[in-house]
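Residue numbers (my numbering): 1210 to 1527.
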(Lines of atoms letter the chains of each structure in order from A and count residues from 1; the text may use other names and numbers.)
(Lines give C-alpha, C1' and ligand atoms only; values in the text may rest on other atoms or scores of the structure.)
Protein backbone atom coordinates (compact mmCIF):
# COMPACT_ATOMS: atom_id res chain seq x y z
CA UNK A 1 0.00 0.00 0.00
CA UNK A 2 2.83 2.42 0.90
CA UNK A 3 4.55 1.66 -2.39
CA UNK A 4 1.37 2.33 -4.36
CA UNK A 5 0.87 5.59 -2.47
CA UNK A 6 4.38 6.73 -3.37
CA UNK A 7 3.73 6.04 -7.04
CA UNK A 8 0.48 8.00 -6.92
CA UNK A 9 2.23 10.93 -5.24
CA UNK A 10 4.90 11.01 -7.94
CA UNK A 11 2.32 10.87 -10.72
CA UNK A 12 0.38 13.68 -9.04
CA UNK A 13 3.58 15.72 -8.88
CA UNK A 14 4.03 15.35 -12.63
CA UNK A 15 0.45 16.41 -13.36
CA UNK A 16 0.70 19.41 -11.04
CA UNK A 17 3.97 20.40 -12.67
CA UNK A 18 2.33 20.45 -16.07
CA UNK A 19 -0.34 22.73 -14.64
CA UNK A 20 2.29 25.12 -13.34
CA UNK A 21 1.85 24.18 -9.68
CA UNK A 22 4.98 23.93 -7.53
CA UNK A 23 4.87 20.61 -5.64
CA UNK A 24 6.88 19.90 -2.52
CA UNK A 25 9.31 17.46 -4.18
CA UNK A 26 10.21 19.77 -7.08
CA UNK A 27 13.26 22.02 -7.02
CA UNK A 28 13.34 25.32 -8.89
CA UNK A 29 16.53 26.97 -10.17
CA UNK A 30 17.51 30.53 -9.27
CA UNK A 31 15.93 32.00 -12.42
CA UNK A 32 12.67 30.03 -12.05
CA UNK A 33 13.00 28.86 -15.65
CA UNK A 34 13.16 25.13 -14.98
CA UNK A 35 11.77 22.70 -12.46
CA UNK A 36 13.61 19.50 -11.60
CA UNK A 37 11.81 16.22 -10.98
CA UNK A 38 13.95 13.44 -9.48
CA UNK A 39 13.84 9.94 -10.88
CA UNK A 40 11.03 7.79 -9.52
CA UNK A 41 10.73 4.03 -9.06
CA UNK A 42 10.08 3.50 -12.78
CA UNK A 43 7.66 0.64 -12.16
CA UNK A 44 6.48 0.66 -15.78
CA UNK A 45 10.04 0.45 -17.09
CA UNK A 46 12.04 -1.99 -14.99
CA UNK A 47 13.19 -3.75 -18.17
CA UNK A 48 13.55 -1.56 -21.27
CA UNK A 49 14.56 -2.52 -24.79
CA UNK A 50 15.48 0.42 -27.03
CA UNK A 51 15.62 0.00 -30.80
CA UNK A 52 16.77 3.57 -31.40
CA UNK A 53 20.12 5.18 -30.51
CA UNK A 54 18.33 8.54 -30.21
CA UNK A 55 15.77 7.20 -27.74
CA UNK A 56 18.55 5.43 -25.84
CA UNK A 57 20.31 8.78 -25.52
CA UNK A 58 17.13 10.29 -24.08
CA UNK A 59 16.91 7.40 -21.61
CA UNK A 60 20.42 8.26 -20.40
CA UNK A 61 19.41 11.90 -19.95
CA UNK A 62 16.41 10.69 -17.94
CA UNK A 63 18.73 8.56 -15.73
CA UNK A 64 17.07 5.37 -16.96
CA UNK A 65 20.11 3.70 -18.53
CA UNK A 66 20.32 1.06 -15.79
CA UNK A 67 16.90 -0.18 -16.86
CA UNK A 68 17.95 -0.82 -20.48
CA UNK A 69 18.35 -4.59 -20.92
CA UNK A 70 18.60 -4.52 -24.72
CA UNK A 71 19.91 -1.99 -27.26
CA UNK A 72 21.29 -1.81 -30.80
CA UNK A 73 24.96 -2.05 -31.70
CA UNK A 74 24.87 1.62 -32.69
CA UNK A 75 24.05 2.88 -29.20
CA UNK A 76 26.61 4.70 -27.07
CA UNK A 77 25.52 3.56 -23.64
CA UNK A 78 27.53 3.17 -20.43
CA UNK A 79 29.12 -0.30 -20.37
CA UNK A 80 27.33 -3.02 -18.41
CA UNK A 81 27.47 -6.81 -18.27
CA UNK A 82 23.70 -7.21 -18.13
CA UNK A 83 22.71 -5.43 -21.35
CA UNK A 84 22.25 -7.45 -24.55
CA UNK A 85 22.92 -6.33 -28.12
CA UNK A 86 19.81 -6.94 -30.21
CA UNK A 87 21.31 -6.21 -33.63
CA UNK A 88 20.92 -3.15 -35.80
CA UNK A 89 18.43 -1.37 -38.00
CA UNK A 90 18.33 -4.02 -40.70
CA UNK A 91 19.21 -7.17 -38.77
CA UNK A 92 17.19 -6.82 -35.58
CA UNK A 93 17.14 -10.05 -33.58
CA UNK A 94 13.47 -10.18 -32.66
CA UNK A 95 13.88 -13.48 -30.83
CA UNK A 96 16.49 -11.86 -28.59
CA UNK A 97 14.13 -8.96 -27.89
CA UNK A 98 11.37 -11.39 -26.88
CA UNK A 99 13.74 -13.44 -24.70
CA UNK A 100 14.64 -10.34 -22.68
CA UNK A 101 11.02 -10.12 -21.46
CA UNK A 102 10.86 -6.32 -21.59
CA UNK A 103 8.26 -4.25 -19.79
CA UNK A 104 8.41 -1.81 -22.69
CA UNK A 105 10.12 -1.54 -26.08
CA UNK A 106 10.86 1.92 -27.49
CA UNK A 107 11.10 2.36 -31.26
CA UNK A 108 11.67 5.19 -33.71
CA UNK A 109 9.43 5.54 -36.76
CA UNK A 110 5.77 5.95 -37.64
CA UNK A 111 2.64 4.35 -36.23
CA UNK A 112 2.61 1.64 -38.90
CA UNK A 113 6.08 0.41 -37.93
CA UNK A 114 6.15 -3.33 -38.83
CA UNK A 115 8.34 -4.21 -35.84
CA UNK A 116 5.86 -2.49 -33.53
CA UNK A 117 2.99 -4.38 -35.13
CA UNK A 118 4.85 -7.67 -34.67
CA UNK A 119 5.62 -6.92 -31.02
CA UNK A 120 2.00 -5.95 -30.39
CA UNK A 121 0.81 -9.23 -31.91
CA UNK A 122 3.08 -11.05 -29.46
CA UNK A 123 1.66 -9.13 -26.51
CA UNK A 124 4.81 -7.06 -25.93
CA UNK A 125 4.10 -3.47 -24.92
CA UNK A 126 5.84 -0.94 -27.15
CA UNK A 127 5.78 2.72 -28.11
CA UNK A 128 6.83 4.27 -31.40
CA UNK A 129 8.04 7.86 -31.71
CA UNK A 130 8.49 9.98 -34.82
CA UNK A 131 11.66 12.05 -34.47
CA UNK A 132 11.51 14.09 -37.66
CA UNK A 133 11.05 17.53 -36.10
CA UNK A 134 12.38 19.38 -33.06
CA UNK A 135 8.88 19.40 -31.57
CA UNK A 136 8.58 15.62 -31.97
CA UNK A 137 12.01 15.09 -30.42
CA UNK A 138 11.06 17.13 -27.36
CA UNK A 139 7.66 15.43 -27.05
CA UNK A 140 9.22 11.96 -27.19
CA UNK A 141 11.57 12.69 -24.31
CA UNK A 142 8.79 14.21 -22.21
CA UNK A 143 6.44 11.27 -22.78
CA UNK A 144 9.11 8.68 -21.99
CA UNK A 145 10.10 10.65 -18.90
CA UNK A 146 6.53 10.74 -17.62
CA UNK A 147 5.79 7.10 -18.44
CA UNK A 148 9.03 5.78 -16.93
CA UNK A 149 9.29 8.31 -14.07
CA UNK A 150 12.67 9.50 -15.25
CA UNK A 151 14.63 12.46 -13.91
CA UNK A 152 13.20 15.44 -15.77
CA UNK A 153 13.72 19.14 -16.29
CA UNK A 154 10.49 21.04 -16.98
CA UNK A 155 11.37 24.24 -18.85
CA UNK A 156 9.38 27.44 -19.13
CA UNK A 157 10.39 27.52 -22.82
CA UNK A 158 9.95 24.92 -25.51
CA UNK A 159 13.09 23.28 -26.88
CA UNK A 160 12.70 25.25 -30.10
CA UNK A 161 12.50 28.53 -28.19
CA UNK A 162 15.58 27.60 -26.17
CA UNK A 163 17.52 26.98 -29.37
CA UNK A 164 16.21 30.17 -30.99
CA UNK A 165 17.50 32.16 -28.01
CA UNK A 166 21.01 31.58 -29.38
CA UNK A 167 20.35 34.04 -32.22
CA UNK A 168 22.08 37.38 -31.45
CA UNK A 169 19.68 40.32 -31.51
CA UNK A 170 21.67 42.11 -34.21
CA UNK A 171 21.49 39.02 -36.44
CA UNK A 172 17.70 39.04 -36.44
CA UNK A 173 17.63 42.12 -38.66
CA UNK A 174 20.44 41.02 -40.96
CA UNK A 175 20.29 38.66 -43.91
CA UNK A 176 20.28 35.05 -42.75
CA UNK A 177 23.63 33.23 -43.04
CA UNK A 178 23.47 30.68 -45.87
CA UNK A 179 24.50 27.24 -44.64
CA UNK A 180 24.94 23.84 -46.28
CA UNK A 181 25.09 20.67 -44.19
CA UNK A 182 26.76 17.64 -45.76
CA UNK A 183 26.98 14.08 -44.40
CA UNK A 184 30.30 12.21 -44.44
CA UNK A 185 30.33 8.47 -43.81
CA UNK A 186 34.05 7.81 -43.57
CA UNK A 187 35.66 9.42 -46.61
CA UNK A 188 38.46 11.97 -46.55
CA UNK A 189 36.36 15.12 -46.75
CA UNK A 190 39.36 17.26 -47.67
CA UNK A 191 39.72 15.45 -50.98
CA UNK A 192 36.34 13.80 -51.52
CA UNK A 193 33.20 15.95 -51.65
CA UNK A 194 30.42 14.38 -49.54
CA UNK A 195 27.39 13.80 -51.74
CA UNK A 196 24.46 13.80 -49.32
CA UNK A 197 23.09 17.02 -47.85
CA UNK A 198 20.58 17.89 -45.13
CA UNK A 199 17.19 18.67 -46.60
CA UNK A 200 13.77 18.59 -44.96
CA UNK A 201 15.04 17.02 -41.75
CA UNK A 202 15.71 17.86 -38.13
CA UNK A 203 19.12 19.20 -39.19
CA UNK A 204 17.51 21.48 -41.74
CA UNK A 205 14.96 22.65 -39.18
CA UNK A 206 17.77 23.27 -36.69
CA UNK A 207 19.39 25.73 -39.07
CA UNK A 208 16.12 27.61 -39.57
CA UNK A 209 15.53 27.69 -35.81
CA UNK A 210 18.96 29.28 -35.34
CA UNK A 211 18.15 32.06 -37.79
CA UNK A 212 20.22 30.49 -40.57
CA UNK A 213 19.07 29.53 -44.04
CA UNK A 214 19.50 26.02 -45.33
CA UNK A 215 20.60 26.63 -48.92
CA UNK A 216 18.86 23.45 -50.05
CA UNK A 217 15.17 24.34 -50.35
CA UNK A 218 13.88 21.18 -52.02
CA UNK A 219 11.54 18.55 -50.63
CA UNK A 220 13.99 15.66 -50.14
CA UNK A 221 15.19 14.58 -46.71
CA UNK A 222 18.80 13.90 -47.72
CA UNK A 223 19.35 14.95 -51.35
CA UNK A 224 22.46 14.10 -53.34
CA UNK A 225 24.01 17.34 -54.56
CA UNK A 226 26.35 17.71 -57.51
CA UNK A 227 29.27 20.11 -57.67
CA UNK A 228 27.25 22.26 -60.03
CA UNK A 229 24.36 22.45 -57.56
CA UNK A 230 26.63 23.44 -54.68
CA UNK A 231 28.29 26.08 -56.84
CA UNK A 232 24.90 27.58 -57.68
CA UNK A 233 23.69 27.44 -54.07
CA UNK A 234 26.94 29.17 -53.02
CA UNK A 235 26.73 28.64 -49.22
CA UNK A 236 28.61 30.96 -46.87
CA UNK A 237 29.16 28.12 -44.41
CA UNK A 238 29.56 24.38 -44.92
CA UNK A 239 29.21 21.96 -42.01
CA UNK A 240 30.21 18.36 -42.68
CA UNK A 241 28.68 16.00 -40.13
CA UNK A 242 30.66 12.84 -39.46
CA UNK A 243 29.24 10.29 -37.01
CA UNK A 244 32.71 8.79 -36.42
CA UNK A 245 31.03 5.44 -35.73
CA UNK A 246 34.36 3.59 -35.55
CA UNK A 247 35.99 6.03 -33.13
CA UNK A 248 35.27 4.52 -29.73
CA UNK A 249 37.52 7.08 -28.02
CA UNK A 250 34.89 9.80 -28.41
CA UNK A 251 32.47 10.17 -25.53
CA UNK A 252 28.74 9.88 -26.22
CA UNK A 253 28.15 13.63 -26.08
CA UNK A 254 31.52 14.79 -27.43
CA UNK A 255 31.82 16.84 -30.61
CA UNK A 256 35.15 17.49 -32.31
CA UNK A 257 35.42 20.34 -34.83
CA UNK A 258 38.08 20.61 -37.52
CA UNK A 259 38.38 23.52 -39.89
CA UNK A 260 39.37 22.11 -43.27
CA UNK A 261 40.64 23.49 -46.57
CA UNK A 262 38.89 21.26 -49.10
CA UNK A 263 40.47 20.42 -52.43
CA UNK A 264 37.15 19.96 -54.20
CA UNK A 265 37.35 20.31 -57.94
CA UNK A 266 35.50 23.31 -59.44
CA UNK A 267 34.33 24.61 -56.03
CA UNK A 268 37.15 26.96 -55.08
CA UNK A 269 34.94 29.97 -55.87
CA UNK A 270 32.18 28.94 -53.44
CA UNK A 271 31.98 31.55 -50.70
CA UNK A 272 32.40 29.08 -47.81
CA UNK A 273 35.55 27.66 -49.41
CA UNK A 274 37.02 31.09 -50.24
CA UNK A 275 36.52 32.38 -46.70
CA UNK A 276 37.61 29.13 -44.99
CA UNK A 277 34.18 28.55 -43.48
CA UNK A 278 34.22 24.78 -44.01
CA UNK A 279 34.14 22.65 -40.86
CA UNK A 280 33.96 18.91 -40.32
CA UNK A 281 32.23 17.97 -37.08
CA UNK A 282 32.83 14.53 -35.60
CA UNK A 283 30.72 12.75 -33.02
CA UNK A 284 27.72 10.57 -32.23
CA UNK A 285 25.60 13.68 -31.68
CA UNK A 286 25.95 14.72 -35.32
CA UNK A 287 23.70 11.85 -36.37
CA UNK A 288 20.93 11.32 -33.83
CA UNK A 289 17.70 13.27 -33.18
CA UNK A 290 17.80 13.55 -29.40
CA UNK A 291 17.22 16.62 -27.22
CA UNK A 292 20.80 16.69 -25.94
CA UNK A 293 22.19 16.28 -29.46
CA UNK A 294 20.08 19.18 -30.75
CA UNK A 295 21.33 21.43 -27.96
CA UNK A 296 24.97 20.48 -28.51
CA UNK A 297 24.80 20.99 -32.27
CA UNK A 298 22.83 24.22 -31.94
CA UNK A 299 25.38 25.70 -29.55
CA UNK A 300 28.22 24.65 -31.84
CA UNK A 301 26.60 26.04 -35.00
CA UNK A 302 25.84 29.32 -33.22
CA UNK A 303 29.42 29.52 -31.96
CA UNK A 304 30.86 28.98 -35.45
CA UNK A 305 28.51 31.34 -37.32
CA UNK A 306 27.74 34.00 -34.72
CA UNK A 307 30.81 33.69 -32.50
CA UNK A 308 28.73 32.92 -29.41
CA UNK A 309 30.26 31.20 -26.42
CA UNK A 310 28.10 28.08 -26.26
CA UNK A 311 28.62 27.48 -22.54
CA UNK A 312 27.01 30.76 -21.55
CA UNK A 313 24.39 30.82 -24.29
CA UNK A 314 22.64 27.55 -23.60
CA UNK A 315 22.47 25.15 -20.69
CA UNK A 316 23.62 21.97 -22.39
CA UNK A 317 23.12 19.77 -19.35
CA UNK A 318 19.31 20.02 -19.35
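Backbone N, C-alpha and C define an ideal beta-carbon position, used for all residues, glycine too.
- Relative to the Cα of residue 1341, the nearest Cα in the group 1454, 1509, 1445 and 1429 belongs to 1429.
- Nearest neighbour of residue 1399 by Cα position, chosen from 1487, 1359, 1351 and 1369, turns out to be 1487.
- Taking a cut-off of 8 Å for Cβ pairs, the region 1447-1457 and the region 1481-1501 touch, as three or more such pairs fall below it.
- With fewer than 16 other Cβ atoms from the protein chains shown falling within 10 Å of its own Cβ, residue 1483 counts as exposed.
- In the same chain as residue 1296, and ignoring 5 residues on each side of it, the C-beta atoms closer than 8 Å to its own belong to 1281, 1282, 1302 and 1305, in chain order.
- Here residue 1475 is exposed. Its C-beta has fewer than 16 other C-beta atoms within 10 Å.
- Annotation: residue 1359 to residue 1287 spans about 17 Å, alpha carbon to alpha carbon.
- Secondary structure of residue 1486 (DSSP, three-state): coil.
- Collapsing the DSSP output to three states places residue 1387 in a strand.
- The region 1421-1441 makes no contact with the region 1351-1371: fewer than 3 CB pairs, one atom from each, lie closer than 8 Å.
- A contact between stretches requires three or more CB pairs, one per stretch, nearer than 8 Å, and the region 1438-1446 meets this requirement with the region 1381-1390.
- Per the Cβ contact rule, the region 1342-1355 is in contact with the region 1266-1278 (3 or more Cβ pairs under 8 Å).
- Under the three-state reduction of DSSP output, residue 1320 falls in the coil class, being neither helix nor strand.
- Distance from the CA of residue 1330 to the CA of residue 1322, rounded to the nearest whole angstrom, comes to 13 Å.
- Straight-line spacing of the CA atoms in residue 1248 and residue 1278 works out to 18 Å.
- With a cutoff of 8 Å on beta-carbon distance, residue 1256 and residue 1312 are scored as near each other.
- Under a 10 Å Cβ-count criterion, residue 1465 is classified as exposed, with fewer than 16 other Cβ atoms of the shown protein chains found around its own Cβ.
- Counting only residues of its own chain and dropping the five nearest sequence neighbours on each side, residue 1263 has a CB closer than 7 Å to the CB of 1317, 1340, 1497, 1498 and 1499.
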